[in-house]
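Which chain is which? The protein sequence lines are A and B, in order.
The letter at position 36 of the first sequence is residue 36 when you use the UniProt record's numbering, and the numbering goes up by one with no holes.
The letter at position 33 of the second sequence is residue 33 when you use the UniProt record's numbering, and the numbering goes up by one with no holes.
Every residue gets a Cβ at the ideal spot worked out from N, C-alpha and C, and that includes glycine.
Owing to the predicted nature of the structure, the values given are computational and were not obtained by experimental measurement.
To start, the structure itself, in structure tokens.
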Amino acid sequence: MAGAKEIRTKIKSVKNTQKITRAMEKVAMSKMRKAQERMAAARPYAEKLRRTLGHLTQANLEVKHPFTIEREVKRVAYLVVSTDRGLCGGLNMNVFRQTVRDMRSWKDKGVDVDLVLVGNKAISFFKRIGGKVLATTSHLGDKPSIDQLFGVIKVLSDAYRDGQVDRVYVVGNAFVNTMTQKADALQLLPVEPVKSEGLLQHWDYIYEPDAEGLLDTVLQRYVESQIYQSVIENSACEQSARMVAMKAASDNAGKIITQLQLQYNKARQANITKELAEIVGGAAAV
Amino acid sequence: MSQIHVDIVSAEGEIHSGEAQMVFAPAEVGEVGIAPQHAPLLTRLKPGTVRVQTLDGQMLPFFVGGGILEVQPHLVTVLADTALRPQDADESAAQAAKAEAEQRLAGASTETDLAKAQAELVEAAARLEFVRKLRAPSHH
Chain A
1 MAGAKEIRTK
11 IKSVKNTQKI
21 TRAMEKVAMS
31 KMRKAQERMA
41 AARPYAEKLR
51 RTLGHLTQAN
61 LEVKHPFTIE
71 REVKRVAYLV
81 VSTDRGLCGG
91 LNMNVFRQTV
101 RDMRSWKDKG
111 VDVDLVLVGN
121 KAISFFKRIG
131 GKVLATTSHL
141 GDKPSIDQLF
151 GVIKVLSDAY
161 RDGQVDRVYV
171 VGNAFVNTMT
181 QKADALQLLP
191 VEPVKSEGLL
201 QHWDYIYEPD
211 AEGLLDTVLQ
221 RYVESQIYQS
231 VIENSACEQS
241 ARMVAMKAAS
251 DNAGKIITQL
261 QLQYNKARQA
271 NITKELAEIV
281 GGAAAV
Chain B
1 MSQIHVDIVS
11 AEGEIHSGEA
21 QMVFAPAEVG
31 EVGIAPQHAP
41 LLTRLKPGTV
51 RVQTLDGQML
61 PFFVGGGILE
71 VQPHLVTVLA
81 DTALRPQDAD
91 ESAAQAAKAE
101 AEQRLAGAST
111 ETDLAKAQAE
121 LVEAAARLEF
131 VRKLRAPSHH
């Protein structure tokens with residue numbers, strides 16, 4: 001009975017796959033919790049920085065910083081945040097699709113697009129698709145730190161400062177909840193004015209040592225924090241997407257195993273019936 | 001109002017939040033003490049210790065590796081840097097990111113390329129071995 005044996009091997013292989021996907025699901029689950037905590041921990045800084053920036057835009061500042069000045073758009077840059085590893089559902093594809101869609105609509109307007117890529121998946125995707133890549137970084141691991149991002153941050157802010165690009169967007173996944181992640185493009189530069197609660201009408205800071213340098217520092221930190229925020233948010237998205245994808249894979253493997261088991265039993269039953277019929281037939285002949 | 005709200009945060013988490021009588025911080029131009037109703041102030045911080053005098057008179061020290069200090073009459077915000085940043089570190093990091101882009105997009109980087117390179121390496125090693133074997137007798 002060759003059929004039954006083949007089915008048994010198949011069942012074994014599906015069971016092995018299921019073991020792997022289940023292990024990956026568990027690993028992703030524990031990593032997800034930590035990634036979410038990290039994401040939540042970074043939020044106060046971003047909020048406070050936003051508040052300070054809000055105050056700062058209300059102050060009667062004489063100097064203007066290039067990061068806040070709206071320019072005519074001739075060239076834009078996209079920072080694409082992706083994961084290093086796959087097996088996380090459509091997470092990366094959603095980001096790429098959003099990026100490609102945006103790139104196309106810029107191209108229709110006659111605007112060129114430069115790319116800055118974070119994560120292995122984005123690098124290999126845009127290597128295939130093509131596009132001018134300014135800088136990349138990858139292998140950020142499960143705990144992305146801001147040090148690892150300084151390179152791309154510097155490249156982006158320099159490109160903007162030098163007038164190579166007139167707008168900078170960040171595309172990455174926004175964490176809605178464990179089941180839902182949404183690819184989202186955010187304008188990073190020029191910094192959109194931040195509204196803030198009512199302070200006095202006419203006031204200004206005492207700037208120590210100088211207003212210009214301080215404004216620069218605050219805006220630079222703001223850009224850094226926004227990029228860092230989207231990278232760790234994407235990392236939380238990665239873990240939850242992987243958990244969900246692996247759970248679905250384990251469930252599917254379970255379904256396949258049930259079906260194969262049924263087939264195997266039928267084949268075995270058919271074989272026994274056949275043998276019995278042969279014996280009975282043989283006995284009758286004697 | 002004899003108290004002021006203090007928030008000390010870094011990119012990796014909230015460090016302290018609460019009311020205080022007085023806050024001392026290592027500003028770039030020198031140590032500053034901030035009492036409630038202080039005029040709005042914005043300054044950079046040097047690496048050092050921010051000290052918060054709480055309402056019950058306790059002095060709480062917090063180490064910061066630099067950052068930004070913002071003062072509003074009712075509010076003190078310390079945006080602490082987590083990463084140490086030497087002056088030219090950004091520049092070299094930027095160079096590295098650019099180089100990586102060039103290398104990753106031009107050279108051997110994807111799995112297939114890696115496999116190909118590995119295959120070539122194995123082949124080259126085998127060839128080297130073969131050449132050595134050929135030469136070995138002539139040396140003796």
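Asked	Found
CB contact check: A/G151 to chain B, cutoff 8 angstroms	yes
Assumed close pair A/V111, A/V170 - CB separation to whole angstroms, cut-off 8 angstroms	About 17 angstroms separates the two Cβ atoms, so there is no contact after all.
For A/N265 and A/F175, the rounded distance between their alpha carbons	46 angstroms
Minimum Cβ-Cβ distance from B/G48 to chain C less than 8 angstroms	Among the protein chains of the structure shown, namely A and B, there is no chain C.
6 angstroms Cβ shell around B/S10 - same chain, five flanking residues per side excluded	A80, T82
Under the three-state DSSP convention, the category A/R161 falls into	helix
Burial state of A/T21 (16 or more Cβ within 10 Å)	buried
Three-state secondary structure (DSSP) of B/H74	coil
Close beta carbons around A/G151, own chain, < 8 angstroms, minus the five adjacent residues each side	A135, T137
Own chain, CB closer than 8 angstroms to A/L87, minus 5 neighbours either side, in chain order	M24, R242, A245, M246
Cβ neighbour criterion (16 or more within 10 Å) applied to A/I232	buried
CB contact below 8 angstroms: A/K154 versus chain B	yes
Buried versus exposed call for A/S157 [16 or more other C-beta atoms within 10 Å across all chains shown]	buried
Chain A within 8 angstroms of B/H139, Cβ atoms only	Unreliable positioning characterises B/H139 in this predicted model, as indicated by a pLDDT of 48, which lies under 50. A coordinate reading is not provided.
Beta-carbon gap between A/E221 and A/P66 smaller than 8 angstroms	The amino acid at residue 221 of chain A is misidentified as Glu; the sequence shows Arg. Against a cut-off of 8 angstroms, the Cβ pair of A/P66 and A/R221 comes out as no contact.
Sequence-distant residues of its chain with Cβ nearer than 8 angstroms to B/E19 (five each side left out)	Q3, I4, H5, V6, T54, L55
Test: A/V218 CB closer than 8 angstroms to a CB of chain B	yes
Proximal residues of chain A, C-beta to C-beta of B/V29 below 7 angstroms	E208, P209
A/G172 versus A/D147 - alpha carbon distance	19 angstroms
Proximity test, Cβ basis, 8 angstroms: B/L79 and chain A	yes
Simplified DSSP state of B/A108, which is helix, strand or coil	Bear in mind that the predicted position of B/A108 carries a pLDDT of just 46, short of 50, making it too unreliable to give a figure here.
Which residues DSSP lists as bridging residue 293 of chain A, in chain order	Here chain A covers residues 1 to 286 and nothing more, so residue 293 of chain A does not appear.
Member of A/D184, A/V168, A/T273 whose CA lies at the smallest distance from the CA of A/E224	A/V168
Buried versus exposed call for A/F126 [16 or more other C-beta atoms within 10 Å across all chains shown]	buried
beta-carbon A/V100 near the ligand GDP non-hydrogen atom, thresh 7 angstroms	Inclusion of the ligand GDP in the displayed structure is not the case, the ligand content being empty and no account of it being possible.
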